[in-house]
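Take the sequence shown: its position 187, counting from 1, is numbered 187 in my numbering, and each next residue is one higher. C-beta atoms are modelled at their ideal positions from N, C-alpha and C, and glycine is treated no differently.
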Amino acid sequence: MRDVGDGRAQHGHRRSGRPAAEPAQPRGQEIAVREAQPLTRYRLLALDLDGTIIDARLNLDPRDVEALAKIIAAGIDVIACTGRPFPGALPWARELGLQGPVICYQGAQVRALDGDVILDHGIAHDLAMEVIRFARERNLHIQAYRDDQLLVERDRPEAHEYAGHAGMEIHVVGDFDEAMGPTTPKLVIVATSATVESLLPQVRRRWAGRLNAATSMPTYLEFTSVESDKATALQFLCERMDIPQAESVAVGDGRNDASMIAWAGLGVAIEGSPEEVQAAADRTIPGPGRGGIKQLADLLVRS
Numbered sequence: 001m002r003d004v005g006d007g008r009a010q011h012g013h014r015r016s017g018r019p020a021a022e023p024a025q026p027r028g029q030e031i032a033v034r035e036a037q038p039l040t041r042y043r044l045l046a047l048d049l050d051g052t053i054i055d056a057r058l059n060l061d062p063r064d065v066e067a068l069a070k071i072i073a074a075g076i077d078v079i080a081c082t083g084r085p086f087p088g089a090l091p092w093a094r095e096l097g098l099q100g101p102v103i104c105y106q107g108a109q110v111r112a113l114d115g116d117v118i119l120d121h122g123i124a125h126d127l128a129m130e131v132i133r134f135a136r137e138r139n140l141h142i143q144a145y146r147d148d149q150l151l152v153e154r155d156r157p158e159a160h161e162y163a164g165h166a167g168m169e170i171h172v173v174g175d176f177d178e179a180m181g182p183t184t185p186k187l188v189i190v191a192t193s194a195t196v197e198s199l200l201p202q203v204r205r206r207w208a209g210r211l212n213a214a215t216s217m218p219t220y221l222e223f224t225s226v227e228s229d230k231a232t233a234l235q236f237l238c239e240r241m242d243i244p245q246a247e248s249v250a251v252g253d254g255r256n257d258a259s260m261i262a263w264a265g266l267g268v269a270i271e272g273s274p275e276e277v278q279a280a281a282d283r284t285i286p287g288p289g290r291g292g293i294k295q296l297a298d299l300l301v302r303s
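The structure is reproduced here in structure tokens:
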């Protein structure tokens, strides 16, 4: 895990918003000063969904829901921050009692609960087609989105696996080039975990500075505009809600969460997350149904 206050900032590399180190005090004075200073009161929690509070079987543990309700009752704004498309995120946000907005599509969009688009950074059509051709050449399943619809060119098992997980319907189109529109919020390659792990460094090199690539699940390789990731969307919301960076918290388990975990005032990773996620975090907590959300509530909510 990172050193708290190490000065790193956005996108999992650097962190800003921490107070600079104070000059050293004599030990007696140092203890007195530290005890006199209140801990940061956190005002916003960016909550990843899958693998953080939703388990692998798409269940919520009542104890996690209760702990999250405690956080909300304490006046902390809880924002769903997910790779899911908006239609796949909304039912979970409502079930968890969240009031919105929702960061979805890996941060490419911020949406109000009524669907209004607050922020939208899609992948330009021509650049999206580069990735699509890359997938076609390797016979990989790839999907795009338009108007919250999941678009595929071929009806493959991978599409049904993803659609079932996301709670969406598949729309088979003749050709992405004609069906996709001027932008798409994200692209997703669905493949075996071994294939995804092999592809990730390749695509990061190939589209460095042009696209963001990360995994949300072991079998999902996701692409977003270089202008969009969860950290960028979280920063946008904090500025919109007049919440200082230091008073934000982010928790997640996937590589797509590393940027917001690094950016937030307090970054929390789920135990067992990829190394780059844990390296971005201040601390780790157990996953869904294992008491992690209660630990987080105990940390954030003071009696």
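Exposed or buried, residue i, counting other C-beta atoms within 10 Å across all chains shown (16 or more means buried)?
| i | result |
| --- | --- |
| VAL102 | buried |
| GLN99 | exposed |
| GLN235 | buried |
| ASP305 | Absent from the model: residue 305. The displayed extent of the chain is 1 to 303, so no value can be given. |
| GLU275 | exposed |
| ARG43 | buried |
| PRO85 | buried |
| GLY97 | exposed |
| VAL172 | exposed |
| ASP61 | buried |
| GLY75 | exposed |
| ALA208 | exposed |
| LEU58 | exposed |
On the DSSP letters alone, give me the boundaries of the beta strand (DSSP E) that residue i sits inside.
| i | result |
| --- | --- |
| ASP77 | 77 to 80 |
| MET217 | 211 to 217 |
Leaving out five residues before and five after residue i in sequence, what residues of the same chain have Cβ atoms less than 6 Å from its Cβ?
| i | result |
| --- | --- |
| THR224 | GLN106, ALA108, LYS186 and ASN212 |
| ASP189 | The amino acid occupying residue 189 in the given sequence is Ile; Asp does not appear at that position. ALA135, LEU140, ILE142 and LEU221. |
| SER216 | GLY83, GLU222, GLY254 and ASN256 |
| ASP229 | GLY107, ASN212 and SER259 |
With a threshold of 8 Å on Cβ separation, who are the neighbours of residue i within its own chain once the five nearest residues in sequence on each side are excluded?
| i | result |
| --- | --- |
| ASP193 | Position check: residue 193 holds Ser in this sequence, whereas Asp was assumed. If we look at SER193 and ignore the five residues flanking it on each side, its Cβ neighbours are PRO218 and THR219. |
| THR284 | MET1, VAL268, ALA269, ILE270, GLU271, SER273 and GLN278 |
| ALA191 | LEU140, HIS141, GLU158, LEU199, THR219 and LEU221 |
| HIS160 | ILE170 |
| ASP175 | GLU153 |
| ARG210 | LEU127 and VAL226 |
In angstroms with no decimal places, state the Cα-to-Cα distance between residue i and residue j.
| i | j | result |
| --- | --- | --- |
| ASP155 | ALA163 | 11 Å |
| ASP147 | GLU227 | 20 Å |
| LEU199 | SER259 | 20 Å |
| ARG41 | GLY115 | 30 Å |
| ASP77 | ARG138 | 43 Å |
| ASP177 | HIS125 | 8 Å |
| VAL33 | ALA89 | Low confidence applies here, because VAL33 scores a pLDDT of 30, under 50, leaving its location unreliable and the question unanswered by this model. |
| ASP359 | ARG63 | One cannot answer for residue 359 here, as it falls past the ends of the chain, which runs 1 to 303. |
| ILE72 | ARG133 | 45 Å |
| LEU300 | ILE170 | 40 Å |
| HIS165 | PRO91 | 13 Å |
| GLN245 | LEU237 | 10 Å |
| ARG94 | THR52 | 17 Å |
| ALA36 | VAL196 | For ALA36, the predicted structure reports a pLDDT of 33, less than 50, and the residue's modelled location is therefore unreliable. A value from the coordinates is still provided. Cα-Cα distance, rounded: 50 Å. |
| ALA67 | ALA233 | 25 Å |
| ARG302 | GLY252 | 22 Å |
| ALA297 | CYS104 | 23 Å |
| ASP120 | ARG290 | 35 Å |
Give the range of the alpha helix (DSSP H) segment to which residue i is assigned.
| i | result |
| --- | --- |
| GLN202 | 193 to 206 |
| THR232 | 230 to 240 |
| LEU90 | 86 to 95 |
| TYR162 | 157 to 166 |
| HIS121 | Premise fails: HIS121 is in no alpha helix (DSSP H) and is neither H nor E. |
| ALA67 | 62 to 73 |
| GLU178 | 176 to 179 |
| THR299 | First, the amino acid is wrong: residue 299 is Leu here, not Thr. Run containing LEU299: 292 to 300, per the alpha helix (DSSP H) assignment. |
Would you please verify whether the beta carbon of residue i is less than 9 Å from any beta carbon of chain B?
| i | result |
| --- | --- |
| LEU127 | Any reference to chain B falls outside this structure, which holds one protein chain only. |
Apart from the five residues on each side of it in sequence, which residues of its chain come closer than 7 Å, Cβ to Cβ, to residue i?
| i | result |
| --- | --- |
| THR184 | GLY122, ILE123, ALA128, ALA144, TYR145 and ARG146 |
| ALA281 | MET1, ARG2, ILE261, GLY267, VAL268 and ALA269 |
| LYS70 | ALA297 and VAL301 |
| GLN149 | HIS171 |
| ILE293 | ILE53, ASP64, ALA67 and LEU68 |
List the whole-angstrom C-beta distance separating residue i from residue j, where the pair is believed to meet the contact cut-off of C-beta under 8 Å.
| i | j | result |
| --- | --- | --- |
| ILE79 | ALA112 | So it is not a contact: roughly 12 Å between Cβ atoms. |
| ALA264 | SER248 | 5 Å |
| ASP55 | PRO286 | With a Cβ gap of about 12 Å, ASP55 and PRO286 do not count as contacting. |
| VAL131 | ILE118 | Wrong, their Cβ atoms sit about 26 Å apart, outside the cutoff. |
| PRO87 | MET168 | 6 Å |
Closer than 8 Å: is that where the CB of residue i sits relative to any heavy atom of the ligand FMN?
| i | result |
| --- | --- |
| GLY252 | Questions concerning the ligand FMN fall outside what the structure shown contains, since it holds no ligand whatsoever. |
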